[in-house]
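J.: When we follow UniProt numbering, the leftmost residue of the sequence shown carries the number 1, and every step to the right adds one.
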Amino acid sequence: MDRESQKSAQQYRPATRVVSVDANPADPYNPASTPIYQTATFKQSSAVSTGEYDYTRSGNPTRTQTERHLAKLMDAQRALCVTSGMTALDVIMRVLSAGDEVIAGVDLYGGTNRLLKFLEKSKINTVHVDTCLVENVTSAITSQTKMILLETPTNPLIGVCDIKAIAEIAHARNEEIIVVVDNTMMTPILQRPLELGADIVYHSGTKYLSGHHDLMAGVIGVKKEALGDQLYFVINSTGVGLAPFESWLLMRGVKTLAVRLEKQQASAMKIANYLESTGLKVNYPGLKSHPSYELHNKQACGGGAVLSFETGSTMVSQQIVEGCKLFTISVSFGCVNSLISMPCRMSHASIPPEVRKERNLAEDVIRLCVGIEDVRDLIEDLDQSLRAANVI
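(1) Could you pull out every residue in the same chain whose Cβ sits closer than 7 Å to the Cβ of Gln144, ignoring the five residues on either side in sequence?
(2) If we call anything under 7 Å between Cβ atoms a contact, is Cys324 one with Asp381?
(3) Report the partner residues of Val219 according to the DSSP bridge assignment.
(4) Given a cut-off of 7 Å on the beta-carbon distance, is the pair Val180 and Ile163 in contact?
(5) To which residues of the same chain is Lys224 closer than 8 Å at the C-beta, ignoring the five residues directly before and after it?
(6) Assuming Cys81 and Ala258 make a contact with CB atoms under 8 Å, what is their CB distance in whole Å?
(7) List the endpoints of the continuous alpha helix (DSSP H) containing Lys263.
(8) For Asn337, does the three-state DSSP call read helix, strand or coil?
(9) Rounded to whole angstroms, what is the Cα-Cα separation between Met1 and Cys161?
(10) Is it true that the CB of Ser308 sits closer than 7 Å to the CB of Arg345?
(11) Who are the Cβ neighbours of Thr154 in its own chain at under 8 Å, not counting the five residues just before and after it?
(12) Does the beta-carbon of Ser5 have 16 or more other beta-carbons within 10 angstroms, so that it is buried, or is it exposed?
(13) Based on Cα-Cα distance, which residue from Leu295, Thr187, Ala243 and Gly286 lies nearest to Ile166?
(14) I need the straight-line Cα distance from Cys369 to Gln44, nearest angstrom please.
(15) How long is the line joining the alpha carbons of Ile148 and Ala140, rounded to whole angstroms?
(16) Going by the beta-carbon positions, is the gap between Ile320 and Ser247 smaller than 7 Å?
(17) Put Glu4 into one of helix, strand or coil per three-state DSSP.
(18) What is the DSSP secondary structure of Pro291, counted as helix, strand or coil?
(19) From the DSSP output, read off the bridge partner residues of His128.
(20) Leaving out five residues before and five after Arg3 in sequence, what residues of the same chain have Cβ atoms less than 7 Å from its Cβ?
(21) Do Tyr202 and Thr187 have their CB atoms nearer than 7 Å?
(22) Hey, could you find the ends of the beta strand (DSSP E) Leu150 is sitting in?
As structure tokens, this is what we get:
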């Protein structure tokens with residue numbers, strides 16, 4: 001898709017954009033669906049000249065079309081697809097050098113925390129602050145700060161960061177600071193961080209974008225072409241570009257993103273209301289009781305389909321999780337079926353207990369990832385499990 005076509009496509013609303021796919025204008029057979037170009041190499045016209053593609057590690061038509069479509073959804077100048085969400089973050093972090101400093105949250109995905117810890121070996125240090133408080137981020141910025149890494153909502157306590165305010169402050173202090181947002185939980189349908197001032201947005205394509213948990217993928221979107229070129233160099237050098245079949249699966253899955261998320265979000269709202277009615281502490285930005293309800297609704301257009309709640313007892317939480325029959329006990333989120341987990345024992349277990357305590361990550365917190373089942377069945381399942389655990 002050329003720039004003019006991409007520009008006109010932006011006039012449509014997100015739910016329309018997501019299904020408006022240009023399969024591949026260069027294909028002579030005019031396919032309605034992007035084909036899988038399952039080839040490692042491409043024929044060259046001569047020994048001294050190549051066409052658009054020569055080796056799939058460097059580029060492949062299926063991946064190109066998927067990237068162009070995702071760039072349109074994210075309002076990005078360029079999108080890049082890699083082998084997982086963690087690979088996406090790893091690629092982003094490689095623009096940093098020894099001595100650089102990253103500001104990141106205290107409530108963040110366990111895998112992200114693990115990668116940041118690993119990077120200390122390369123003398124890239126991370127300062128953890130509560131990024132939901134703008135003043136904490138402001139006071140943490142130093143001359144060594146080169147990146148601010150945000151999750152909003154945070155995982156698993158569902159806090160909200162003010163993307164616009166943090167980006168404005170960071171760029172005013174140093175225009176070279178890169179503001180990065182993990183937007184996996186919201187997706188481009190509900191929140192577009194690049195429009196709010198972020199420099200890079202990334203997603204675990206394994207989750208909502210593909211939607212079926214049959215694919216590992218990561219997606220990066222950038223505001224400026226030069227930054228995209230830097231990241232592409234890393235991807236090509238390390239060979240982590242998404243393979244043709246996975247690119248095709250990702251494109252196939254993303255077409256139903258809007259309709260899936262609409263159903264999931266509506267169900268999540270009903271479940272959050274039900275849980276709150278039982279007296280439990282519920283973390284969900286769609287609830288008016290959420291401390292950042294107004295901020296979230298200024299920068300996003302919905303609460304999403306992930307929520308968490310706290311029981312006050314790790315043992316009780318375990319009983320609830322294991323007592324559910326319809327919710328599957330599993331890490332991750334964004335699938336068509338509903339999942340339940342205890343993050344501090346599962347997805348965040350790599351964060352040491354003493355660090356979790358220091359960061360106020362409640363050991364009893366239960367995270368729900370709402371799928372597309374009938375919400376009445378989901379509420380009944382939670383209800384029977386809560387009753388069996390003597391919570392209600």
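Backbone N, C-alpha and C define an ideal beta-carbon position, used for all residues, glycine too.
T.: Reading it off the structure:
(1) The residue given as residue 144 occupies position 144 in the sequence shown. Within the same chain, Gln144 has close Cβ partners Gly99, Asp100 and Glu101.
(2) What you label residue 324 is simply residue 324 of the sequence shown in a count that begins at 1. What you label residue 381 is simply residue 381 of the sequence shown in a count that begins at 1. Yes, these two residues count as a Cβ contact at 7 Å.
(3) Sequence index remark: in the sequence shown, residue 219 carries index 219 (1-based). For Val219, which the question treats as bridged, DSSP gives the partners Cys81 and His203.
(4) Working through the sequence shown from its first residue, we reach residue 180 at position 180. Working through the sequence shown from its first residue, we reach residue 163 at position 163. No, the Cβ-Cβ distance between Val180 and Ile163 is not below 7 Å.
(5) Position 224 of the sequence shown holds residue 224. Once the five neighbours on either side are set aside, the close Cβ partners of Lys224 are Gln77 and Asp199.
(6) Here the question's residue 81 lines up with position 81 in the sequence shown. Here the question's residue 258 lines up with position 258 in the sequence shown. With 8 Å as the limit, Cys81 and Ala258 do not qualify as a contact, their Cβ atoms being about 20 Å apart.
(7) By one-based count along the sequence shown, residue 263 stands at place 263. Counting along the chain, the alpha helix (DSSP H) containing Lys263 begins and ends at Leu257 to Ser277.
(8) In the sequence shown, counting from the first residue as 1, residue 337 sits at position 337. Note: Asn337 maps to coil in three-state DSSP.
(9) Position 1 of the sequence shown, counted from the first residue, corresponds to residue 1. Position 161 of the sequence shown, counted from the first residue, corresponds to residue 161. With a pLDDT of 41 at Met1, under the threshold of 50, the predicted position of this residue should be treated as unreliable, though the coordinate-derived value follows. Roughly 34 Å between the two C-alpha positions.
(10) Here residue 345 corresponds to residue number 345 of the sequence shown, with the count starting at 1. Here residue 308 corresponds to residue number 308 of the sequence shown, with the count starting at 1. No, the Cβ-Cβ distance between Arg345 and Ser308 is not below 7 Å.
(11) To locate residue 154, count along the sequence shown from 1; it is residue 154. The answer, listed in chain order, is Gly105, Asp107, Leu108, Thr131, Cys132, Val160 and Cys161.
(12) Position 5 of the sequence shown, counting from 1, holds the residue named residue 5. The predicted position of Ser5 is uncertain, since its pLDDT is 48 and thus under 50; a value taken from the coordinates is nonetheless stated next. Exposed, because fewer than 16 other Cβ atoms sit within 10 Å of the Cβ of Ser5.
(13) Along the sequence shown, read from residue 1 onward, the residue named residue 166 stands at position 166. It is Leu295 whose Cα lies nearest to the Cα of Ile166.
(14) Along the sequence shown, one-based indexing puts residue 369 at 369. Along the sequence shown, one-based indexing puts residue 44 at 44. Going by the C-alpha atoms only, they are around 48 Å apart.
(15) Here residue 148 corresponds to residue number 148 of the sequence shown, with the count starting at 1. Here residue 140 corresponds to residue number 140 of the sequence shown, with the count starting at 1. Distance between the alpha carbons of Ile148 and Ala140 is about 10 Å.
(16) Working through the sequence shown from its first residue, we reach residue 320 at position 320. Working through the sequence shown from its first residue, we reach residue 247 at position 247. No, these two residues do not count as a Cβ contact at 7 Å.
(17) On the sequence shown, residue 4 is found 4 positions in, with the first residue counted as 1. Summary for Glu4: the model assigns pLDDT 45, below 50, so the residue's position carries little reliability, and this model does not support an answer.
(18) Working through the sequence shown from its first residue, we reach residue 291 at position 291. Pro291: coil per DSSP, three-state reduction.
(19) Counted from its first residue, the sequence shown places residue 128 at position 128. Per DSSP, Ala104.
(20) Residue mapping note: residue 3 aligns to position 3 of the sequence shown, counting from 1. Residue placement at Arg3 is flagged as unreliable, the pLDDT there being 46, under the threshold of 50; the coordinate-derived value follows with that caveat. Correct list: empty, nothing qualifies.
(21) Translated into positions along the sequence shown, residue 202 becomes position 202. Translated into positions along the sequence shown, residue 187 becomes position 187. Not closer than 7 Å, so no.
(22) Indexing the sequence shown from 1 puts residue 150 at position 150. Leu150 -> beta strand (DSSP E) spans Thr145 to Glu151.
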